[in-house]
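S.K.: Before anything else, here's the structure in question.
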Amino acid sequence: MKSSPVIELNGVGVGFGGKAVHHDLSLRVEEGQIVGLLGGSGSGKTTLLREILGLLQPDAGTVRLFGIDLNEPDVDRQRNLRRRLGMLFQQGALFSALSVFDNIAFPLRELRCLDADWIRRLVHLKLAMVGLEPAHGKLMPAELSGGMVKRVALARALALEPELLLLDEPTAGLDPDRSQNFVELVGSLQRELGLTVVMVTHDLNTLAGLATHVAVLADQRIIAFGPKAEVMTVDHPFVTGFFGADRRKLL
Amino acid sequence: MSTSPRLLVEPGRVVLSGCWTLAEMLPQLPDLEAKLVACAGHNDWDLSAISRLDSAAAVLLWRTWGARWPGGLVAADLHRQVLERVAELPLEIAEQARPRRRFPEMVGALLLKAVGNLRGMIALFGQLLLDVAYLVRHPQDVPWKEFTANVYKAGAQALAVTALVGFLIGVTISYLSALQLKSFGADLFIVNILGISIIRELGPVLVAVLVAGRSGSAMTAQIGVMRVTEEIDVLSTMGISRTIRVVLPKIFGLTVAMPLLVLWTSAVALFGGMLAALLQLDLSFAYFVDNLPRAVPVANLVIGLSKGVVFGFVIAIVACHFGLHVKPNTESLSASTTSAVVTAITTVILFDAIFAVFTRNIGVP
């Protein structure tokens, strides 16, 4: 049996106040791919992620995750679908009223099936995965540095063991060393868990280190999608401008 | 091939297969746990048929094994790595200790907090005096625009709601008093009762409660959000004093708007009272208006309006103090807004009592 693609967007169109952001946009991401989503500022990358998450309903076209339409009316199927994906928001979006530990434990507690010891072990496991100490669990989000917020947010996104991980600018605002660690971390997680990852990034190093595939968003649609090396040869002003002299470095 | 996690007990060993992930385990979790507990004694585990193993499942297995590696474990390298990560965790993870407070400690903490707030408000008051001194020397820095905007927001936009509430209260008091007075045959004293109670007492307090809920909370929330989003810090880096630009216009705006609101509300409340008196006691408007100055010495109006000034100042200073002490999280924002409104109303009533004591010989015919 051929499994359905993890993400399938078909003819998606969306606009704000009469200004079209996406028009007839199609994208198909298969299991196990790490897709880097590129595009200029304001080209609608975050909007695309929000459509994939179902936070924003497109005006036209369909979005299917794991073969299930996001407009599926069945509430239970919808909820189960949401549990299969994790999202790392650009600013972290940690619950500011909860400690780091509670932030990560929150989605696990919401399942109402796991006992306290199990949750505690899982939370500490996630903390260790993203390179944080158990003592950090007691801190409040306001007490964290920017890099730590990112890592806690990643730990929370991973809490439910998602099959699809969406990352919005995962390494923006991290120092090169940290962002290298982050790239290695996501890479190893992907190999172990067989995750599918879609990330928005401007950082060429992140892209080079992590992505297997690249999708380029310009002119309100995906103008190129494919393995990294293939996309770089595309002749489009944005692509040549973006990679420029760094083309060779990426390969 | 089925993807759901399965567990088979073969002679001498336990064979796991399928997808051991949180999502797949959830539907049959109690069943799986029971089976695992039953197999806990086995020493030979075969995990090679597992297609996926995530950390939630790894934790479950590790607990089943009693936090020890079983002697005969067969597993793919990838899955072994996941298990190793779980095994590296400390054996006993201390529960997050929540500090439990005893009653005296709670009282003490509350008291300290109250003292801290009082100090903060006195400091804010001092800062305000310094700012005023600065503005007297640099009149071009006076934030007129912000000041007038606050008068409009806290005053003009509150006219409708204060009028409605004042009118209804006036009608209610007049109606209830009229019933009592009628039984004594003292109908004409309705003018005294309404005049003194509304002008001197009810008008200012009523407006203060409304304004504390309406404008006080808005001020706290606005300054609080500006703190959370670091807008206040932006002002400081631009060399603009946050107290002069943000706090001072709010405090003086409300101090100016409040007496005007008190005057307006008292007038509308008296009108409501007059209307009820006309309907209930057949007391004409002309009689009421003629007798009002005689029954209510003008000192009462002065007292009422000065209460308005003081209450407005108190509400604004309390609201700004709590706004400036919001911590950057949602919980603190809501707690501060609540505290601001509660403290403002309580302080207003306190000041009202002080007023009552010190003006007990003034304005009573």
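Chains as they are written, first to last, in our numbering: chain A, 1 to 251; chain B, 252 to 616.
Even glycine gets a Cβ: it sits at the ideal position worked out from N, Cα and C.
Got a sec, what are the start and stop residues for the alpha helix (DSSP H) Val366 of chain B sits in?
M.R.: Phe354 to Arg388
S.K.: Restricting to runs no shorter than 3 residues, where is the beta strand (DSSP E) found entirely within the stretch 67-127 of chain A?
M.R.: 85-88
S.K.: List the residues of chain A that Val581 of chain B touches, going by C-beta distances under 9 Å, in chain order.
M.R.: One point to set straight first is that residue 581 of chain B is Thr, not Val, in the sequence displayed. Near Thr581 of chain B (Cβ distances below 9 Å), the residues of chain A are Phe95, Ser96 and Ala97.
S.K.: Can you tell me which of B:Val366, B:Ala360, B:Leu267 and B:Ser448 puts its alpha carbon nearest to the alpha carbon of Ala326 of chain B?
M.R.: B:Leu267
S.K.: At the level of alpha carbons, what is the spacing between Cys270 of chain B and Gly39 of chain A?
M.R.: 36 Å
S.K.: Whole beta strand (DSSP E) runs in the stretch 193-232 of chain A with 3 or more residues, listed along the chain?
M.R.: 196-200, 213-218 and 221-227
S.K.: Beta-carbon within less than 7 Å of Met525 of chain B's beta-carbon, same chain only, minus the 5 sequence neighbours each way: which residues are those?
M.R.: Phe536 and Phe539
S.K.: State whether the stretch 108-123 of chain A contacts the stretch 65-76 of chain A, with contact taken as three or more CB pairs (one from each stretch) at a distance under 8 Å.
M.R.: no
S.K.: Just to confirm, is the Cβ distance from Leu512 of chain B to Thr597 of chain B under 7 Å?
M.R.: no
S.K.: Val337 of chain B touches chain D at which residues, Cβ-Cβ below 8 Å?
M.R.: Absent from the structure is chain D; the protein chains it does hold are A and B.
S.K.: Taking only the alpha-carbon atoms, compute the straight-line gap between Ala60 of chain A and Gly67 of chain A and give it to the nearest angstrom.
M.R.: 18 Å
S.K.: Which residue's Cα is closest to the Cα of Leu158 of chain A: A:Phe225, A:Pro107 and A:Thr47?
M.R.: By alpha-carbon distance to Leu158 of chain A, the top candidate from A:Phe225, A:Pro107 and A:Thr47 is A:Pro107.
S.K.: Can the beta-carbon of Arg28 of chain A be found closer than 7 Å to that of Glu51 of chain A?
M.R.: no
S.K.: In chain A, which residues lie less than 7 Å from Thr272 of chain B when you measure between Cβ atoms?
M.R.: Glu161
S.K.: Does any C-beta atom of chain A lie closer than 7 Å to the C-beta of Leu329 of chain B?
M.R.: yes
S.K.: Going by other Cβ atoms of all chains shown within 10 Å of its Cβ, with 16 needed for buried, is Ala20 of chain A buried or exposed?
M.R.: exposed
S.K.: Please check if any C-beta of chain B sits within less than 7 Å of the C-beta of Ala157 of chain A.
M.R.: no
S.K.: What are the start and end residues of the alpha helix (DSSP H) that includes Ile447 of chain B?
M.R.: DSSP places Ile447 of chain B in no alpha helix (DSSP H); its state is neither H nor E.
S.K.: Under 8 Å: do the stretch 414-422 of chain B and the stretch 500-510 of chain B share three or more Cβ pairs, one atom per stretch?
M.R.: Cβ pair count under 8 Å is below three, so no.
S.K.: Can you find a C-beta in chain A that's less than 7 Å from the C-beta of Ala307 of chain B?
M.R.: yes
S.K.: Run through DSSP, which three-state label would Asp177 of chain A get?
M.R.: helix
S.K.: Check whether the Cβ of Arg178 of chain A lies closer than 7 Å to any Cβ atom in chain B.
M.R.: no
S.K.: Please report the distance separating the alpha-carbon of Val337 of chain B from that of Gly86 of chain A.
M.R.: 21 Å
S.K.: Since Gly523 of chain B and Gly446 of chain B are thought to touch, with beta carbons under 8 Å apart, how far apart are those beta carbons, to the nearest angstrom?
M.R.: Contact between Gly523 of chain B and Gly446 of chain B is absent: CB atoms are separated by about 13 Å, not below the 8 Å threshold.
S.K.: Work out the CA separation of Leu361 of chain B and Phe354 of chain B for me, nearest whole Å.
M.R.: 11 Å
S.K.: Which residues does DSSP pair with Cys290 of chain B in a beta bridge?
M.R.: For Cys290 of chain B, which the question treats as bridged, DSSP gives no partner whatsoever.
S.K.: Identify every residue that forms a DSSP beta bridge with Glu8 of chain A.
M.R.: A:Arg28 and A:Arg64
S.K.: Taking just the CA atoms, how far does Ala400 of chain B sit from Pro394 of chain B?
M.R.: 10 Å
S.K.: Put His22 of chain A into one of helix, strand or coil per three-state DSSP.
M.R.: strand
S.K.: Between the beta-carbon of His576 of chain B and the beta-carbon of Leu375 of chain B, is there less than 7 Å?
M.R.: no
S.K.: What would DSSP say about Cys270 of chain B, mapped onto helix, strand or coil?
M.R.: Cys270 of chain B: strand per DSSP, three-state reduction.
S.K.: Starting from the Cα of Arg191 of chain A, find the closest Cα among A:Ser4, A:Gly17, A:Val6 and A:Glu31 and give me that residue.
M.R.: Closest by alpha carbon: A:Glu31.
S.K.: So that I know if they touch, is there some Cβ in chain A lying closer than 7 Å to that of Leu363 of chain B?
M.R.: Interface with chain A (7 Å Cβ-Cβ cutoff): Leu363 of chain B is excluded.
S.K.: Quick one: what's got a C-beta closer than 7 Å to Ala11 of chain A's C-beta in the same chain, skipping five residues either side?
M.R.: Note on identity: in this sequence residue 11 of chain A is Gly, with Ala being the wrong assignment. Around Gly11 of chain A: Asp24, Ser26, Ala60 and Gly61.
S.K.: Under a Cβ-count criterion, where at least 16 other Cβ atoms within 10 Å of its own Cβ denotes burial, should Phe16 of chain A be classed as buried or exposed?
M.R.: exposed
S.K.: Where does the unbroken alpha helix (DSSP H) through Gly322 of chain B begin, and where does it stop?
M.R.: From DSSP, Gly322 of chain B is part of no alpha helix (DSSP H); its letter is neither H nor E.
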